[in-house]
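Peer 1: Residues in the sequence shown are numbered from 10 upward in steps of one, following my numbering. Below you will find the structure I want to go over with you.
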Amino acid sequence: MSDMGLIVVGAAGRMGRTLIRIIAETPGVTLAGAVEREGSTDLGKDAGELAGIGPNGILLSDDPLPLFAKAEGVLDFTAPKATLAFAELAAQARIVHVIGTTGLSTDDAAKLDAAARHAVLVKSGNMSLGVNLLAVLVRQAAKALDADFDIEILEMHHRHKVDAPSGTALLLGAAAAEGRGVDLGSSSVRSRDGHTGARKRGDIGFATLRGGSVVGEHSVLLAGEGEVIELSHKATDRGIFARGAVKAALWGRDKKPGLYSMADVLGLSKG
Ligand code: NAD
Numbered sequence: 010m011s012d013m014g015l016i017v018v019g020a021a022g023r024m025g026r027t028l029i030r031i032i033a034e035t036p037g038v039t040l041a042g043a044v045e046r047e048g049s050t051d052l053g054k055d056a057g058e059l060a061g062i063g064p065n066g067i068l069l070s071d072d073p074l075p076l077f078a079k080a081e082g083v084l085d086f087t088a089p090k091a092t093l094a095f096a097e098l099a100a101q102a103r104i105v106h107v108i109g110t111t112g113l114s115t116d117d118a119a120k121l122d123a124a125a126r127h128a129v130l131v132k133s134g135n136m137s138l139g140v141n142l143l144a145v146l147v148r149q150a151a152k153a154l155d156a157d158f159d160i161e162i163l164e165m166h167h168r169h170k171v172d173a174p175s176g177t178a179l180l181l182g183a184a185a186a187e188g189r190g191v192d193l194g195s196s197s198v199r200s201r202d203g204h205t206g207a208r209k210r211g212d213i214g215f216a217t218l219r220g221g222s223v224v225g226e227h228s229v230l231l232a233g234e235g236e237v238i239e240l241s242h243k244a245t246d247r248g249i250f251a252r253g254a255v256k257a258a259l260w261g262r263d264k265k266p267g268l269y270s271m272a273d274v275l276g277l278s279k280g
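Written out as structure tokens, the structure is:
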């Protein structure tokens, strides 16, 4: 089979640059285009140079249409509004759309469901093998222990991150809720401030730290009477998310239209 042509949108971002580097290192895929937002000062720059791997002749463009028409997949770590627009274009072009963008609302998710009727979408708040395995372990632990064990999810990211809790923290919260057989939306406490009253039994709590250049650290604590179980993951290199995204695109190449998760890609969905 010929190489899969992939477009990186948000190409000048932290993840965009990492994706360009990982595509160059990965057999079976080629960079078919690099897209940035209108007005970006990086438009017209060479994608390879931006990614620190030397020039590759692909210049950053703000016109995705002609690129989507001739590629097989798009890797998207941008922002919710941009991701919705790219989902429409990917659905029209019938190409695989890998979505790493976090901070999407429930309304946004419904719009992605509509796009998934026409194209393969793989969406995950975390594309790494380690975090998806951690989610399986969290689901099992939450299932094995009853609500005498309070579940709290702690995360830390670099100072530039704009959404909280992180997509990964929410993914881990969803795994805990699934293990417990409860709905995350009605059981989660996403922040605490002032006189909050005592902790409610069965709540799934979130706490957020921001600072420095931390790529991503997550801990799920199951705190019982006299003992605490802690399940953690530390990301030290954005390459893990980029490799996961490329893997998801290759996996999605021969799949039927639909919305898939990274757990599907990694074969971890039934655990
Ligand atoms: P970043 O701000 O460094 O990069 C985002 C880039 O997207 C910017 O260069 C921005 O100009 C570009 N962009 C915004 N709107 C655009 C548009 N309409 N068209 C084209 N480009 C557009 O952020 P980042 O640290 O790279 O993270 C990006 C997203 O990915 C965030 O939501 C983050 O939480 C998420 N993320 C997910 C994972 C995962 O595994 N799922 C891992 C890391 C980061």
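We put the beta carbon where it would ideally sit given N, CA and C, even for glycine.
Thinking C-alpha only, which one of Thr110, Ala99, Gly248 is nearest Lys90?
Peer 2: The sequence position of residue 90 within the sequence shown is 81, counting from 1. Ranking the options by Cα distance to Lys90, first place goes to Thr110.
Peer 1: Less than 6 angstroms between C-beta atoms, sequence neighbours within five positions excluded: which residues of the same chain meet that for Gly214?
Peer 2: The sequence position of residue 214 within the sequence shown is 205, counting from 1. These residues qualify, in order along the chain: Glu161, Val198.
Peer 1: Do you know offhand how far Ile249's Cα is from Ala207's?
Peer 2: For the purposes of this step, residue 249 is taken as residue 240 along the sequence shown, with counting starting at 1. For the purposes of this step, residue 207 is taken as residue 198 along the sequence shown, with counting starting at 1. Using only the alpha carbons, I get a separation of about 39 angstroms.
Peer 1: If you follow the beta strand (DSSP E) that Thr217 is part of, which residue opens it and which one closes it?
Peer 2: Indexing the sequence shown from 1 puts residue 217 at position 208. Run containing Thr217: 213-219, per the beta strand (DSSP E) assignment.
Peer 1: Ala272 and Leu84 look like a contact to me (Cβ under 8 angstroms); what is the Cβ gap, rounded to whole Å?
Peer 2: Your numbering for residue 272 matches position 263 in the sequence shown. Your numbering for residue 84 matches position 75 in the sequence shown. Not a contact, Cβ separation roughly 18 angstroms.
Peer 1: Take the Cβ of Ala119 as the centre, count every other Cβ of all protein chains shown within 10 Å, and call the residue buried at 16 or more, exposed below.
Peer 2: Position 110 of the sequence shown, counted from the start, is the residue given in the question as residue 119. Per the 10 Å Cβ criterion, exposed.
Peer 1: Helix, strand or coil for Gly14? Go by DSSP, reduced to three states.
Peer 2: On the sequence shown, residue 14 is found 5 positions in, with the first residue counted as 1. In the three-state scheme derived from DSSP, where H, G and I count as helix and E and B as strand, Gly14 is classed as strand.
Peer 1: Quick check on this structure: which residue in Gly194, Leu218, Gly276 has the alpha carbon closest to the alpha carbon of Trp260?
Peer 2: By 1-based counting over the sequence shown, the position of residue 260 is 251. It is Gly276 whose Cα lies nearest to the Cα of Trp260.
Peer 1: Under 6 angstroms Cβ to Cβ from Gly57, same chain only, skipping five residues before and after it: list those, please.
Peer 2: Taking the first residue of the sequence shown as position 1, residue 57 is located at position 48. Gly63, Pro64, Asn65, listed in sequence order.
Peer 1: Need the endpoints of the alpha helix (DSSP H) that Glu34 sits in, please.
Peer 2: Along the sequence shown, one-based indexing puts residue 34 at 25. 23-34 is the span of the alpha helix (DSSP H), which, as asked, contains Glu34.
Peer 1: Taking DSSP as the reference, what is the three-state secondary structure of Ser278?
Peer 2: Taking the sequence shown and counting its residues from 1, the one referred to as residue 278 is at position 269. Coil at Ser278, not helix or strand.
Peer 1: Would you say Ala100 and His127 are within 8 angstroms of each other, going by their C-beta atoms?
Peer 2: Position 91 of the sequence shown, counted from the first residue, corresponds to residue 100. Position 118 of the sequence shown, counted from the first residue, corresponds to residue 127. Yes, these two residues count as a Cβ contact at 8 angstroms.
Peer 1: Give me whichever residues DSSP pairs with Asp85 in a beta bridge.
Peer 2: In the sequence shown, residue 85 corresponds to position 76, counting from 1. In the DSSP output, where bridge partners are listed per residue, Asp85 has Val18, Ile108.
Peer 1: If distances are taken between C-alpha atoms only, which option among Gly182, Ala144, Ala173 comes closest to Asp159?
Peer 2: Looking up residue 159 in the sequence shown gives position 150. If we check each option's Cα against that of Asp159, Gly182 comes out closest.
Peer 1: Using only alpha-carbon positions, find the residue among Leu98, Gly53, Gly61 that is nearest to Pro73.
Peer 2: Residue numbering aside, residue 73 sits at position 64 when the sequence shown is read from its first letter. Answer by Cα proximity: Leu98.
Peer 1: Pairing CB atoms from the stretch 10-18 with CB atoms from the stretch 234-241, are three or more of them under 8 angstroms?
Peer 2: no
Peer 1: Do the CB positions of Ala184 and Leu28 come within less than 8 angstroms of each other?
Peer 2: For this step, residue 184 is matched to residue 175 along the sequence shown. For this step, residue 28 is matched to residue 19 along the sequence shown. Not in contact: Ala184 and Leu28 (Cβ atoms no closer than 8 angstroms).
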